[in-house]
Amino acid sequence: MFNFSLNRITLAWRRRFRWVALALVSGLIALTYGLTVWAQQPVTISFLVRAVEADQMQSLANQFMEENPDIRLEMVRGPNAADAVEDLYTTSFLLGDSPYDLVFSDVVWIPKFAAAGWLEDISDRVSDEELSEFLDADVVAGLYQDGLYRMPFRSDMGMLYYRTDLLEEVGLEPPETFADLIAASQAIQEETDTNWGFVWQGSQYEGLVTNYVEIVAGFGGFWIDPDTQEVGLDQDASIKAAEFMKQVISDGITPGGVTNYLEEDSLRQFENGNAAFLRNWPYVWAEANKEGSPVAGNIALKPMVHDDGQQPAACLGGWGFGLSATTPHPEEAWRVVEFFTSPEPMKAFVMEHAYVPSRRALFTDPEVLAEFPHFEQLLEVAETAIPRPPIGQYAQLSDILQRYLSAAITNQMTPENAMQAAARESRRVLGTDG
Ligand code: GLC
C-alpha cells in the first residue's frame, strides 16, 4: 500500500516534470529564435543634417541601405541655417547622450568638437595616400592637433552668378569690381523690368559671415588672422566691407528683406528672375538651370567682385563626416562615411546637384565636365578659397560678427561703430585685448 502510493506520487511528479521540461525547452527555442531575429534587425545609424540637404542626400542613403541591409540610415532633418544645426549637435553632446552616431560637419566646426572630445580620431582608419586624393583645404579643416576628425564629402566656395541676357540687354560686361556691380545693377534696374540688382545672404547667421569674408578680402582686409590671432575688424577694409553691404540695401540695389535671407531665399529671387546678380554657392547652378526655371540657360558664374586693384575672394565652405565619440556602433557608422566619401557616390551627388566634390579627380572627370564645364574654373577657386579661422572659439567669434554686421545693415549702428565694437568683443574672446 505504502509502495503503491509512493509509486503513484512518483508517477505524478514525473508527468509534471515532463510538462515543465517541455515548457522550458519551448521557452528556450522561442528565446533563441527571438534573439536571432533581434540580431538580424538592422543597426540604426543616425545623423542630423540641414533639411534641404537631407532631401538631396536621400537617394544616396537609399542606395546605401539597399547595399547594406544590416544598417538603417536615419537622416534627421534640421534647420537650414548651418549654425542652427551646430547648436543642436552641441546641445545633444552637452547633454551627454547624443543620439547621433555621425556628425555631418560644416568645415568650421572641427576645432571645437574635437577639443570637446565629441569626435573620434579617425586618423587610423584612413591612410595618407587616400587623403591625398581630397582637396587640401578640405582635409586641413578636419585636422585638430595630431588627429583627423572629419572626412570631406563636399567642398564649397562663394561665387557670383549673373544673368547673361540682362547684361547683354544693357550692353555691359560681367562686373569685376564693387563699383561695376553697382553700376550694372542700376543700369539693369532702370532699363529692364528686373526689380533688384544684387541679392545675397543677410540674415543674422553663418551665411552672413561667409558673405562678409569675401567682401572684406575683396577690399584687401581680413577678419581674423589664424596664425597671429590678430583681429582685422576695425581696419579700413573691414569698415568699407560693412558699408558696402549697407549701401547696396539703402541704394535699393538689394531688397531690404535681404536681412532675413538664407541661401534658399536669395536663390528664389534670382531663380524667379527678380534679380540680376546673386552671391551663392555652386549648387545654385543645377537648381537655377533645372527644367522649368525661368532663368535656365541665361545664367553664368564668376569669382566675386572686389575693389580696384584687389583680387576676387571666395569663402571656403563645405561639409563632411565626423564619427561621434559616443556612438555604440562605430564600425557601422564608419561604413556610412566610407560610402558617402568614396568616388562613385560622390560623383553621383555632384552630377545630380552640381555640388562641388571634395575629391580632386572629379573636377576633371570627363562626364562631370561635360555636364558642368565651369568645374575647371572651380578647381582653381577651390585651391585658393579663404578658410574661416580654424579656432576653438569659432562659434563665439562668428556670433559676434553676425550680431554687429546685422546691426550695421539694419541701421541700428553705423558700420564703423559696429565693426569697432565687434573687434573689441572678438579680442576679449581671444584674450588678446590686454
Ligand atoms: C554652406 C557652406 C558652409 C557655410 C554655410 C553658411 O553650406 O558649405 O560652409 O557655413 O553655407 O550658410
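Per the numbering used here, numbering through the sequence shown is continuous, rising by one, with the last residue being 489. Idealized CB from N, CA, C, for every residue including glycine. Note that the structure is predicted; figures quoted are calculated from it, not measured.
- The ligand GLC has a heavy atom closer than 8 angstroms to the beta-carbon of residue 256.
- Under the DSSP definition of a beta bridge, residue 474 lacks any partner.
- Burial is judged here by how many other beta carbons sit within 10 angstroms of a residue's own beta carbon; residue 164 has at least 16 and is buried.
- Taking residue 135 as the centre and dropping the five residues before and after it, the same chain places the C-beta of 105, 106, 107, 317 and 319 closer than 7 angstroms to its C-beta, in chain order.
- Contact between the segment 162–181 and the segment 219–233 is absent: fewer than three C-beta pairs spanning the two stretches fall below 8 angstroms.
- Contact between the segment 406–415 and the segment 135–151 is absent, with fewer than three C-beta pairs closer than 8 angstroms.
- A residue is called buried once 16 or more other Cβ atoms fall within 10 Å of its Cβ, and residue 124, having fewer, is exposed.
- For the pair of segments examined, the segment 424–438 was found not to touch the segment 262–275: the number of CB pairs separated by less than 8 angstroms stays below three.
- Annotation for residue 319 indicates a beta carbon at 8 angstroms or more from all heavy atoms of the ligand GLC.
- Looking at the backbone, the Cα of residue 326 and that of residue 102 are separated by about 31 angstroms.
- In the three-state reduction of the DSSP assignment, residue 347 falls in the coil class, being assigned neither a helical nor a strand state.
- Only exposed fits residue 191, as fewer than 16 other CB atoms lie within 10 angstroms of its CB.
- With distances taken between CA atoms, residue 128 lies nearest to 100 out of 154, 100 and 115.
- For residue 374, the enclosing beta strand (DSSP E) has its first and last residue at 371–378.
- With a cut-off of 8 angstroms, the C-beta of residue 260 is classified as near the ligand GLC, since at least one heavy atom of the ligand falls inside that distance.
- Residue 119 places its beta carbon less than 9 angstroms from that of residue 394.
- Positions of the beta strand (DSSP E) runs, each at least 3 residues long and wholly inside the segment 189–260, are given as 206–212, 214–218 and 251–254 in order along the chain.
- Annotation for residue 162 indicates a beta carbon within 8 angstroms of some heavy atom of the ligand GLC.
- Rounded to whole angstroms, residue 363 and residue 157 show a C-alpha spacing of 45 angstroms.
- According to DSSP, residue pairing for residue 161 in a beta bridge involves 374.
- Within its own chain, the residues whose Cβ lies closer than 7 angstroms to the Cβ of residue 236, once the five positions on either side in sequence are excluded, are 230, 253, 332 and 360, listed in chain order.
- Judged by DSSP secondary structure, residue 109 falls within the alpha helix (DSSP H) whose first and last residues are 106–122.
- According to the DSSP assignment, residue 434 belongs to the alpha helix (DSSP H) that extends over 430–439.
- According to the DSSP assignment, residue 404 belongs to the alpha helix (DSSP H) that extends over 398–408.
- Taking the Cβ atoms as the reference, residue 329 lies roughly 6 angstroms from residue 251, within the contact range of under 8 angstroms.
- Secondary structure within the segment 259–344: the beta strand (DSSP E) runs of 3 or more consecutive residues, fully enclosed, are 330–335 (chain order).
- Under the three-state reduction of DSSP, residue 146 is assigned to helix.
- In the DSSP assignment, residue 426 falls within the unbroken alpha helix (DSSP H) covering 421–426.
- A distance below 6 angstroms between beta-carbons, with the five flanking residues on each side excluded, links residue 461 to the following residues of its chain, in chain order: 259.
- Per the C-alpha coordinates, the member of 358, 292, 78 and 486 positioned closest to residue 272 is 292.
- Distance from the C-beta of residue 133 to the nearest heavy atom of the ligand GLC is not below 8 angstroms.
- Listed in chain order, the non-local C-beta contacts of residue 381 below 6 angstroms within the same chain comprise 153, local neighbours out to five positions each way being set aside.
- Looking at the DSSP output, residue 412 sits in a beta bridge with 209.
- For residue 425, the closest alpha carbon among the candidates 181, 405, 286 and 243 is that of 405.
- Relative to the non-hydrogen atoms of the ligand GLC, the Cβ of residue 211 comes within a distance shorter than 8 angstroms of at least one.
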